[in-house]
Amino acid sequence: MRPSQVISDIVQTFRMDPNGDRVVPPTGFTARLTLFSSAAMAFLAVFAMALSLATGRLADRWSDELARTSTLRISVPEGQMQAQTTAALRILETTEGIAEARALTSEDQKALLAPWFGPDLAVETLPIPQLIEIVETDDGYDAENLRLRLAAEVPGAVLDDHTRWRKPLAQAAARLRGLAFVSMVLIALTTGAMITLAANAALSANTQVIRVLRLVGAQDNFIARAFIRRFTLRGLFGAAIGTVAGILAVALLPKADTAGGFLTGLGLQGWHWLWPFVIPPLAAIVAFVATRLAAYRTLKERS
Amino acid sequence: MIELDNVAYSYGGGELFSSVSMSLSPGSFHFLTGPSGAGKTTLLKLCYGELLPTAGQARLFGVDARSMGRDDVALIRRRIGVVHQDCQFLDHLTLTENVALPLSTTGKDVAAEMDNLRDLLGWVGLSQQAGQFPPELSGGERQRAALARAIIMSPDVILADEPTGNVDWDMSQRLLTLLIELNKMGKTILIATHDLNLIRTAKSQVSSRVLRLKDRRLWAAGADL
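Heads up: the protein sequence lines correspond to chains L and R, in order. Residue 1 is where the first sequence starts when you use our numbering, and the numbers rise one by one after that. Residue 304 is where the second sequence starts when you use our numbering, and the numbers rise one by one after that.
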């Protein structure tokens, strides 16, 4: 297939041609099938897109929050706890890249354990380690260097820079994004398959139209374009309806800040609202390619 | 213009005809007759590239039909107007749109050709039916519309397959008169028909040659008509 012919087909598809448009009968179940499948797939694509974007946002936020904080755990006999904590705080205060270091009070630690042991836990009676919360500057600190210093001066201290939390989160986010992308590819392929089926059905139902057009001297590109134009515009129109419906459905999801849960953060935010508008043109491209392949293949088979 | 050279056509394991040679020269008027099933329609289809001969050579405007691609055949058909017995219209288009179909397929501006279209519909006596759809037309009206569509591109050759098959005698005469007028304008005409009365009538009005397809061969018919 020559590139010039493909370009010509694209131009002709979007050119108003009342004579070319009229040669294929306007109605039929294929019209409804194409519109419905395009609208349904575009609706699903909006959700897949929203899921992908929200997952990325959520993972970025978690990762960002964990990346800016670290925890120092001091596990020593009770008698050495105060001295080791003081020593550790002194080291942290003089470490470049640390904005703030604060030893958690017994109330803070009690609050942390409350989800597991309840609110009435007597923290003082348990041999729990002393935790120091570290807040980093934007540039961060040298974790390896800090570990060496702590090992020398506070042997009971263990630095947790949250790497082991961030890594699985980043992996999970990447996988969710990948799944959302795969979903969108599958949606595009399914749309293509549905439109191919509809186009094939339309071509079969219009055998007489093709015969007559050939009888009066129509070349393959004229016949093919009549079908391509129709299915491309139907795909575009159906996807536009589905996209608008999808955007409305996403807009009606509960706000993340009101419920605060994971699921409530699946909407679109800021300029991400613009992303769904690429779905109708993409659906039109899928419809164009699917119908074009089906039309030229059918015309070749019936020569 | 159209030449068949020692052509044969077989299908389903049987030979429909063989050793068929004929030539349609510019401005000639031919009748093709023969019993039903002799292969008249098939022979016509060979003349406009719808079918390819199983042996021999069909040359359309000097080009071997076998060497043509689909788009080449389409271009050739713009020089050959075909009138089918069953007319072959698109029922969702009006009569005017059907007649203008060859213009649409070649990218011509149909609106700019409306005066010519009106003249043509007037010439075949269908001005009043211009906005009607094919199922609303009578057999004679459909045949005249098919003739109008066949000549809208001003083709060099007109092939008509049983054009009077579904119409009464008066309408047959009317159609024949139109075809004779076209021949007088220089068009090459080939009419496949089993209607010998039509041929006899035509021979009194126009110089024509009659070919008979019989016993799988093409013969020149003589005074036995």
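Here a beta-carbon is modelled for each residue, glycine too, at the ideal position from N, C-alpha and C.
Once you ignore the five residues that flank residue 184 of chain L on each side, which residues in its own chain have a CB closer than 8 Å to its CB?
-> The residues are 45, 48, 49 and 52.
Beta bridge counterpart(s) of residue 385 of chain R as assigned by DSSP | Answer by DSSP bridge pairing, in chain order: R/462.
Leaving out the 5 sequence neighbours to the left and right, which residues in its chain are closer than 8 Å to residue 467 of chain R when beta-carbon positions are compared?
-> So the list reads 446, 474, 475, 478, 479, 496, 498 and 501, once near-sequence residues are dropped.
Please check if any C-beta of chain L sits within less than 8 Å of the C-beta of residue 392 of chain R.
-> Yes, residue 392 of chain R counts as interfacial toward chain L.
What is the residue span of the alpha helix (DSSP H) that residue 244 of chain L lies within?
-> Residues 220 to 251.
Pick out the complete alpha helix (DSSP H) segments inside the segment 382 to 439 of chain R, 4 residues or longer, and give them in chain order.
-> The qualifying runs are 398 to 402, 404 to 408 and 417 to 426.
Distance, Cα to Cα, residue 341 of chain R vs residue 42 of chain L?
-> Each residue's alpha carbon lies about 57 Å from the other.
Would you list, in chain order, the members of the segment 198 to 225 of chain L that have their beta-carbon closer than 9 Å to a beta-carbon of chain R?
-> Of all residues in the segment 198 to 225 of chain L, only 208, 209, 211, 212, 213, 214, 215, 216, 217, 218, 219, 220, 221, 222 and 223 come within less than 9 Å of chain R when Cβ atoms are compared, listed by chain position.
Note down, in chain order, each residue of its chain lying with its Cβ closer than 7 Å to the Cβ of residue 305 of chain R, except the 5 sequence neighbours on either side.
-> Counting only Cβ-Cβ distances below 7 Å, and skipping sequence neighbours, we find 327, 350, 363 and 460.
Where residue 405 of chain R meets chain L, residues with beta-carbon distance less than 7 Å | Within chain L, the residues near residue 405 of chain R are 216 and 217.
Range of the contiguous alpha helix (DSSP H) that encloses residue 284 of chain L = Counted as a single uninterrupted DSSP element, the alpha helix (DSSP H) harbouring residue 284 of chain L occupies residues 279 to 301.
Determine the DSSP secondary structure at residue 122 of chain L, reduced to helix, strand or coil.
-> If DSSP states are grouped into helix, strand and coil, residue 122 of chain L belongs with coil.
Secondary structure of residue 270 of chain L, DSSP reduced to three states = In the three-state scheme derived from DSSP, where H, G and I count as helix and E and B as strand, residue 270 of chain L is classed as helix.
Could you check where the alpha helix (DSSP H) with residue 215 of chain L kicks off and where it finishes?
-> Unbroken alpha helix (DSSP H) run through residue 215 of chain L: 207 to 215.
What residues from chain L crowd round residue 444 of chain R, counting only those whose CB sits closer than 7 Å?
-> In chain order: nothing, as chain L lies at least about 18 Å away.
Kindly indicate the opening and closing residues of the alpha helix (DSSP H) around residue 479 of chain R.
-> Taken as a continuous stretch (DSSP letters only), the alpha helix (DSSP H) holding residue 479 of chain R covers 472 to 487.
Apply the 10 Å Cβ neighbour rule to residue 277 of chain L and answer buried if 16 or more other Cβ atoms are within range, or exposed otherwise.
-> Residue environment for residue 277 of chain L: exposed (fewer than 16 other C-beta atoms within 10 angstroms of its C-beta).
Using the C-alpha atoms, what's the distance from residue 406 of chain R back to residue 413 of chain R?
-> One C-alpha to the other measures close to 6 Å.
Quick one: any contact between the segment 190 to 206 of chain L and the segment 68 to 75 of chain L, if contact means 3 or more CB pairs under 8 Å?
-> Contact fails: fewer than three Cβ-Cβ distances are below 8 Å.
Which of the three DSSP states, helix, strand or coil, is assigned to residue 105 of chain L?
-> Three-state DSSP puts residue 105 of chain L in coil, outside helix and strand.
Beta-carbon separation of residue 464 of chain R and residue 344 of chain R under 8 Å?
-> Taking a C-beta distance under 8 Å as the contact criterion, residue 464 of chain R and residue 344 of chain R qualify as a contact pair.
Decide if the segment 365 to 374 of chain R is in contact with the segment 319 to 336 of chain R; the criterion is three or more beta carbon pairs, one per stretch, under 8 Å apart.
-> Counting Cβ pairs under 8 Å, fewer than three are found: no touch.
Buried versus exposed, by CB contacts within 10 Å (16 or more), residue 487 of chain R = So residue 487 of chain R counts as exposed.
Starting from the Cα of residue 283 of chain L, find the closest Cα among L/188, L/251, L/180 and L/138 and give me that residue.
-> The shortest Cα separation from residue 283 of chain L among L/188, L/251, L/180 and L/138 belongs to L/188.
May I ask you to report which of helix, strand or coil DSSP gives residue 309 of chain R?
-> Reduced to three states, the DSSP call for residue 309 of chain R is strand.
Leaving out five residues before and five after residue 227 of chain L in sequence, what residues of the same chain have Cβ atoms less than 7 Å from its Cβ?
-> The answer, listed in chain order, is 24, 199, 202, 203, 291 and 295.
Interface residues of chain L around residue 385 of chain R at Cβ under 7 Å?
-> Neighbours of residue 385 of chain R on chain L, chain order: 215.
Exposed or buried, what is residue 90 of chain L when buried is set at 16 or more other beta-carbons lying within 10 Å of its beta-carbon?
-> With fewer than 16 other Cβ atoms within 10 Å, it is exposed.
Whose Cβ in chain L lies nearer than 9 Å to the Cβ of residue 374 of chain R?
-> Those are 219, 220 and 221, listed as they occur along chain L.
contact_flag[the segment 133 to 145 of chain L, the segment 91 to 99 of chain L] where n(CB pairs < 8 Å) is 3 or more | Note that the segment 133 to 145 of chain L touches the segment 91 to 99 of chain L; at least 3 beta-carbon pairs, one per stretch, sit closer than 8 Å.
Host beta strand (DSSP E) of residue 513 of chain R (start-end) | 512 to 517 is the extent of the beta strand (DSSP E) around residue 513 of chain R.
List the residues of chain L whose Cβ lies closer than 8 Å to the Cβ of residue 452 of chain R, in chain order.
-> Those are 216, listed as they occur along chain L.
Listed from N- to C-terminal order along the chain, which residues in the segment 318 to 334 of chain R have their beta-carbon within a distance smaller than 7 Å of any beta-carbon of chain L?
-> Within the segment 318 to 334 of chain R, no residue has a Cβ that lies closer than 7 Å to any Cβ of chain L.
Coil, strand or helix - residue 318 of chain R by DSSP = Strand.
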